[in-house]
Amino acid sequence: MSESSVADGAGMASRHAVLHILNKPPGHARTHLCLATLAATDALVLIEDAVLALASGLDTSAAVYALGPDLAARGLAADNGQTGVIVIDYEELVALAAGADKTVSW
Amino acid sequence: MSAVKPVSFTLVITGAPYVSQAPQTALSFARAAVSAGHAIDRVFLYGDGVHLASSLCCAPSDEVNWHREWSDFIAQQQIPAVACIASALRRGLVDDGEARRYERDAHNVQPPFRLLGLGEWVESMTSSSRVLYFQPGGGH
Amino acid sequence: MSQTPERNNEGFLEDPWAWSRDVAAVIAGEDGIELTGAHWEIIEFLRSFYRDYQMSPPSNRLFVKAVKETLGDDKGNSIYLMQLFPGTPAKTACRIAGLPRPTNCL
Amino acid sequence: MSVLVIVDRSPYGSWSGRESMDMALSLAAFDQPVTLLFSGVGVNWLRAGQDPASIFQKAVERNLAAAPIFGIGALLADQQSLEDFGLDASQCVTGVMPVTVEPTLLARFDDVVCL
Numbered sequence: 006m007s008e009s010s011v012a013d014g015a016g017m018a019s020r021h022a023v024l025h026i027l028n029k030p031p032g033h034a035r036t037h038l039c040l041a042t043l044a045a046t047d048a049l050v051l052i053e054d055a056v057l058a059l060a061s062g063l064d065t066s067a068a069v070y071a072l073g074p075d076l077a078a079r080g081l082a083a084d085n086g087q088t089g090v091i092v093i094d095y096e097e098l099v100a101l102a103a104g105a106d107k108t109v110s111w
Numbered sequence: 034m035s036a037v038k039p040v041s042f043t044l045v046i047t048g049a050p051y052v053s054q055a056p057q058t059a060l061s062f063a064r065a066a067v068s069a070g071h072a073i074d075r076v077f078l079y080g081d082g083v084h085l086a087s088s089l090c091c092a093p094s095d096e097v098n099w100h101r102e103w104s105d106f107i108a109q110q111q112i113p114a115v116a117c118i119a120s121a122l123r124r125g126l127v128d129d130g131e132a133r134r135y136e137r138d139a140h141n142v143q144p145p146f147r148l149l150g151l152g153e154w155v156e157s158m159t160s161s162s163r164v165l166y167f168q169p170g171g172g173h
Numbered sequence: 005m006s007q008t009p010e011r012n013n014e015g016f017l018e019d020p021w022a023w024s025r026d027v028a029a030v031i032a033g034e035d036g037i038e039l040t041g042a043h044w045e046i047i048e049f050l051r052s053f054y055r056d057y058q059m060s061p062p063s064n065r066l067f068v069k070a071v072k073e074t075l076g077d078d079k080g081n082s083i084y085l086m087q088l089f090p091g092t093p094a095k096t097a098c099r100i101a102g103l104p105r106p107t108n109c110l
Numbered sequence: 578m579s580v581l582v583i584v585d586r587s588p589y590g591s592w593s594g595r596e597s598m599d600m601a602l603s604l605a606a607f608d609q610p611v612t613l614l615f616s617g618v619g620v621n622w623l624r625a626g627q628d629p630a631s632i633f634q635k636a637v638e639r640n641l642a643a644a645p646i647f648g649i650g651a652l653l654a655d656q657q658s659l660e661d662f663g664l665d666a667s668q669c670v671t672g673v674m675p676v677t678v679e680p681t682l683l684a685r686f687d688d689v690v691c692l
């Protein structure tokens, strides 16, 4: 897996092997399936209801991104105390999806 | 903004408007992708996502009409927009051709949306750089 | 039309179980097809496929594939099937075999 | 291009699995390599002896039996989910291959579709 960096203004994102995009809330069977297939070298993007995981806790060694507008909508602060979570906007989500080797929408 | 080289996306929407967030997330993504210089090869509506193609959508005036927003966007950007014909027929979404074929007296799918088969999706799978899915939320 | 059970505007039977060999001959006749042993082999194949799997092959390509898998390369090719069932072979053959109208999905 | 289509919805109560199956069939129709994976409640697709006549649906078990004829490569099932629902290979449709759902499983495919 290449680690070639896609530099951008937001200082995000080395290139990840698989970009997992999750929109299901914590506790959903699909969330468990996503986490079961998430490699440490992959990245996880939380969108829609999946950002609620920042309130309930998330245990993974993969890079985690969360979509800012969905956090704001649900009254959650930037990273809600979860260390290492990178808050992104739609532009940065596009850049991540464009730069990934492979994407999976869960 | 980004050094990512341009790619082509196909966006598959499987969540219905006013039932899920899928059409909104997909449209925000699509607008951001276009402004970053990426191509959108096709929008493919599948499963409950086909409801987005209904031209009979009557949203309250203080809510977003997702059908109209999407229609305007894909017409402006000249993006092919396809609703899966098998998903659509079962859910009561027909264009004029299918209305004639099935002897129905009305239709609710018109350009820029078209009814075509899953072959369009297979074509996207083989030709687009990325195929992303915008799905129903947890309640479905 | 009076010689066959109820049919839709494209000539498909409304009830696959109302089919008989005589009905098949009438429907085929409307397409100018005189049924031979070669036709019957495909018709029987389709009806037994429908009985076993509760579906007819969902597209013309898959119809050809299923015939090939069951009856071999000589018969499982579009030229052979087109000669027997002109037009779109899956559609013509399903109509004669009394199976539901394909949804044109694939 | 090889595609993994994942079915993690229950049969009958949800239509989603049938629509996943249609995607797999359409890939097969265009000779694209495709594999099905059943996971979570989705493993109940595989249970032998389904009789949905009285709920007016077609048997997904019977539809699934046609998969190899159309060229769908393999039927995989998550081992843990099979156990969770009290299923072993002898109680499943033929040809089911139990697997462990882990990152290396996804790596075997170019694309993963999970409706």
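For the record, the sequence lines run as chains A, B, C and D. Residues 6 to 111 (the numbering used here) make up the first sequence, in order. Residues 34 to 173 (the numbering used here) make up the second sequence, in order. Residues 5 to 110 (the numbering used here) make up the third sequence, in order. Residues 578 to 692 (the numbering used here) make up the fourth sequence, in order. Where is the CB? At the ideal position from N, CA and C, for every residue including glycine. Quick caveat: nothing in here was measured; it's all calculated off a predicted structure.
By DSSP, does residue i sit in helix, in strand, or in coil?
i, result
"A:K29", "coil"
"A:C39", "helix"
"C:I46", "helix"
"C:I83", "helix"
"C:A32", "helix"
"B:Y79", "coil"
"D:A606", "helix"
"D:T612", "strand"
"D:P645", "helix"
"C:L39", "coil"
"D:S631", "helix"
"D:V618", "helix"
"B:H140", "coil"
"A:D75", "helix"
"C:R25", "helix"
"C:Y54", "helix"
"A:Y95", "helix"
"B:G93", "Note on residue identity: the sequence assigns Pro, not Gly, to residue 93 of chain B. Coil, per DSSP."
"B:N181", "An answer regarding residue 181 of chain B cannot be provided, because it is not within the stretch 34 to 173 covered by chain B."
"B:F62", "helix"
"C:P93", "helix"
"D:R685", "coil"
"A:L81", "coil"
"C:G76", "coil"
"A:M17", "Because A:M17 carries a pLDDT of 48, less than 50, the predicted location of this residue cannot be relied on, and no value is offered for it."
Which partner residues of residue i appear in the DSSP bridge assignment?
i, result
"C:M59", "Per DSSP, none; premise fails for C:M59."
"D:D655", "D:V676"
"D:S667", "In DSSP, D:S667 forms no bridge with anything."
"B:I73", "B:F42"
"A:T108", "A:L24"
"D:V582", "D:L613 and D:V690"
"B:Y166", "B:V45"
"B:P50", "B:S53"
"C:L17", "C:R11"
"D:R624", "D:C669"
"A:V50", "A:I26 and A:Y70"
"B:R147", "B:V115"
"C:I116", "With chain C running from 5 to 110 in the structure shown, residue 116 of chain C is simply not present."
"A:V90", "A:V69"
Taking its Cβ as the centre, do 16 or more other Cβ atoms sit within 10 Å of residue i, making it buried, or is it exposed?
i, result
"B:S61", "buried"
"C:K69", "buried"
"C:E14", "exposed"
"C:I83", "exposed"
"B:K38", "exposed"
"D:Q627", "buried"
"C:N64", "buried"
"D:L632", "For clarity, residue 632 of chain D is Ile in the given sequence; the question names Leu instead. Classification of D:I632: exposed, given that the 10 Å Cβ count is below 16."
"C:E10", "exposed"
"C:N81", "exposed"
"B:Q168", "buried"
"C:S52", "exposed"
"A:R35", "buried"
Closer than 7 Å, Cβ to Cβ, to anything on chain B: give me those residues from the stretch 596 to 612 of chain D, in chain order. From the stretch 596 to 612 of chain D, only E596, D599, M600, S603, L604, F607 and Q609 have a Cβ closer than 7 Å to chain B.
Residues in the stretch 92 to 103 of chain A with C-beta within 9 Å of chain B's C-beta atoms, listed in sequence order? Shown in chain order are the members of the stretch 92 to 103 of chain A whose Cβ falls below 9 Å from a Cβ of chain B: D94, Y95, E96, E97, L98, V99, A100, L101, A102 and A103.
The stretch 105 to 121 of chain B: positions lying closer than 8 Å to chain C by Cβ: Going along the stretch 105 to 121 of chain B in chain order, one finds C117, I118 and A119 with a Cβ nearer than 8 Å to chain C.
Taking only beta carbons into account, state which residues of the stretch 39 to 68 of chain A come closer than 8 Å to chain D, listed in chain order. Interface annotation for the stretch 39 to 68 of chain A against chain D: A41, T42, L43, A44 and D47, criterion Cβ-Cβ distance under 8 Å.
Where in the stretch 104 to 137 of chain B do unbroken runs of the alpha helix (DSSP H), each at least 4 residues long, occur, reported from the N-terminal end onward? Every alpha helix (DSSP H) stretch that sits fully inside the stretch 104 to 137 of chain B and reaches 4 residues is listed by chain position as 118 to 123 and 129 to 134.
Proximal residues, the stretch 56 to 84 of chain B versus chain A, C-beta separation under 8 Å: Result list: T58, S61, F62, R64, A65, A66, S68, A69 and H71.
Note down, in chain order, all residues in the stretch 133 to 155 of chain B with a beta-carbon under 7 Å from any beta-carbon belonging to chain A. For the stretch 133 to 155 of chain B, the set of positions with a beta-carbon nearer than 7 Å to some beta-carbon of chain A is empty.
Taking a Cβ distance cut-off of 7 Å, strictly less, list which residues of the stretch 636 to 649 of chain D are near chain C, in chain order. Contact annotation: in the stretch 636 to 649 of chain D, residues whose CB is within less than 7 Å of a CB in chain C are A636, R639, N640, A642, A643, I646, F647 and G648.
Could you please tell me which residues of the stretch 7 to 33 of chain C, in chain order, have their CB closer than 9 Å to any CB of chain B? Result list: N12, N13 and E14.
Against chain D, which members of the stretch 76 to 94 of chain C pass a CB distance test of less than 8 Å? Flagged: no residues at all.
Given a limit of 8 Å on CB to CB distance, which residues of the stretch 44 to 62 of chain C reach chain D? For the stretch 44 to 62 of chain C, residues whose beta-carbon sits nearer than 8 Å to a beta-carbon of chain D comprise F53, D56, Y57, Q58, M59, P61 and P62.
Can you list, in chain order, the residues of the stretch 667 to 688 of chain D whose Cβ is nearer than 8 Å to any Cβ on chain B? So the list reads D688, given in the order they occur along the chain.
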